[in-house]
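What follows is a short report on a single structure.
Protein chains: 2
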Amino acid sequence: MSRAKAQDAEGQELRLDAYLPYRLSVASNAVSGLIARAYQDRFGLTIPQWRLVCVLAEDGALTQGQIVARTVMDKVTVSRAAQGLAKRRLVDRTEHAEDGRSHVLALTAEGRSLHGEIAPLALAYEAALIAGLAPEEVTLLKRLLGRLQTAAGQLAGEAEPPRLA
Amino acid sequence: MSRAKAQDAEGQELRLDAYLPYRLSVASNAVSGLIARAYQDRFGLTIPQWRLVCVLAEDGALTQGQIVARTVMDKVTVSRAAQGLAKRRLVDRTEHAEDGRSHVLALTAEGRSLHGEIAPLALAYEAALIAGLAPEEVTLLKRLLGRLQTAAGQLAGEAEPPRLA
DNA sequence: ACAAACTCGTTTCAGATGATACGACCTCGG
DNA sequence: CCGAGGTCGTATCATCTGAAACGAGTTTGT
């Protein structure tokens, strides 16, 4: 009995299947793998490239730095994705007028057309994934994911680990 | 108006910030990065190694094949994680009595002791991550993640993409 | 005006990842 | 038996990733 009490005091014992970071990682890998294969097979796009196309279609022309801030990608990843897209003439890189270091990225007509093709497929995948869920569950899920992300960001900023219970 | 109607018929337009696979990936990367750094810095464990330690502590001795089935990891990943742990004498690899190809992995005393050290930290991280959430929200989140995982698995099995709406 | 310090983006390098091929072993049918 | 085909785990390779160094350009301070 004192053993059970000690466990309560420490929080529950650890079970991998119930461990949130594990569940999150497994679910994310399953979904990302699915999506990645679809875009790769159908359009020859990697996920970073797809994200670039997507934000450029949404926001118009952006510098790489802005894309790094907008999406949560490393600047190296963005750089490579931009090179790949530029080589295929899906985006246009023009010199930034006011800053000689920076380039402005924008979709070409072909890039916009590609985005128009992929977007319905992307939405169909999302719809298929959440087919079994109630709309309010989806809303809540997205909100919770956002909270986890910010919580992880804050904890990463702190040098110290969380206090042990 | 006919334009808005057409959008409705296709489902909403695509916005990256609201796109579930994106949100999931970003949240997972943030959490995994945090956890990975913590285990690496404090105990010199990679995430696959940590998962191995965890399932061995939970389930006792297992073969690598069983671990592959139990966790969702590639057999190559498991193989390398097991080698690393064996080199540090945290797990013991003994020949399988009935199958000469297979090895049985089990935690050594040192491995169990390490697990005892990490588990509270792991739980503290989880607790810190979900600090802002209601308990029933956490339960629901885990269930929803499970559903996404199975949905992704099913879709990956099918050759065809989801029907466009 | 000029040098130090900073930012943008690329390159390089080291580590992680997973598909594939492989060697070793087991099993099953003849 | 024994050979075909399967499974367990490892090795190899090609790819992806991000940390760090770097060149080019800009800003700041004096």
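Residue numbers (this note's numbering), protein chains in the order written: chain A, 261 to 425; chain B, 261 to 425. The beta-carbon is built from N, C-alpha and C at its ideal position, and this holds for glycine as well.
- Taking all protein chains shown into account, V338 (chain B) has 16 or more neighbouring C-beta atoms within 10 Å of its C-beta and is therefore buried.
- Residues Y299 of the same chain have their beta carbon placed closer than 6 Å to that of L305 (chain A), with the five preceding and five following residues left out of the count.
- Annotated as proximal: H363 (chain A) and A342 (chain A), with beta-carbon spacing under 9 Å.
- Listed along chain A is no residue with a C-beta nearer than 7 Å to that of I327 (chain B); the closest approach is about 11 Å.
- Those residues of the region 335-358 of chain B placed with their C-beta closer than 8 Å to a C-beta in chain A do not exist.
- At a cut-off of 9 Å between C-beta atoms, Q409 (chain A) counts as an interface residue with respect to chain B.
- Secondary-structure assignment with DSSP links D352 (chain A) through a beta bridge to A:A366.
- Rounded to whole angstroms, the gap between the alpha carbons of V291 (chain B) and N289 (chain A) is 13 Å.
- With a cut-off of 8 Å on Cβ pairs, the region 373-389 of chain B is not in contact with the region 323-332 of chain B, counting fewer than three such pairs.
- Counting the other CB atoms within 10 Å of its CB gives E418 (chain A) a total below 16, which places it among the exposed residues.
- In the assembly as shown, G360 (chain A) is an exposed residue. Its beta-carbon has fewer than 16 other beta-carbons within 10 Å.
- Counting C-beta atoms within 10 angstroms of its own C-beta, Q309 (chain B) has 16 or more neighbours from the protein chains shown and is therefore classed as buried.
- When DSSP reads this structure, T323 (chain B) sits in a beta bridge with B:V364.
- Boundaries for D334 (chain B): no alpha helix (DSSP H) harbours it, and the DSSP string shows neither H nor E there.
- For the 9 Å CB-CB criterion, L367 (chain B) and I327 (chain B) do not form a contact.
- Bounds of the alpha helix (DSSP H) holding E397 (chain B) are 395-417.
- In this structure, the CA atom of K335 (chain B) is about 16 Å from the CA atom of R353 (chain B).
- Considering only beta carbons, the part of the region 363-392 of chain A lying closer than 8 Å to chain B consists of A379, P380, L381, A382, L383, A384, Y385, E386, A387, A388, L389, I390, A391, G392, in chain order.
- Contact of L322 (chain A) with chain B by beta-carbon distance below 9 Å is absent, the smallest such distance being about 12 Å.
- Shown here, P422 (chain A) sits in coil according to DSSP, grouped into three states, outside any helix or strand.
- The DSSP-derived three-state label of L274 (chain B) is coil.
- When B:E377, B:E273, B:R297, B:P422 are compared, the shortest CA-CA separation from A317 (chain A) is found for B:E273.
- Not a single C-beta of chain A is nearer than 9 Å to the C-beta of R361 (chain B).
- Around the C-beta of E386 (chain A), 16 or more other C-beta atoms lie within 10 Å, and the residue is accordingly described as buried.
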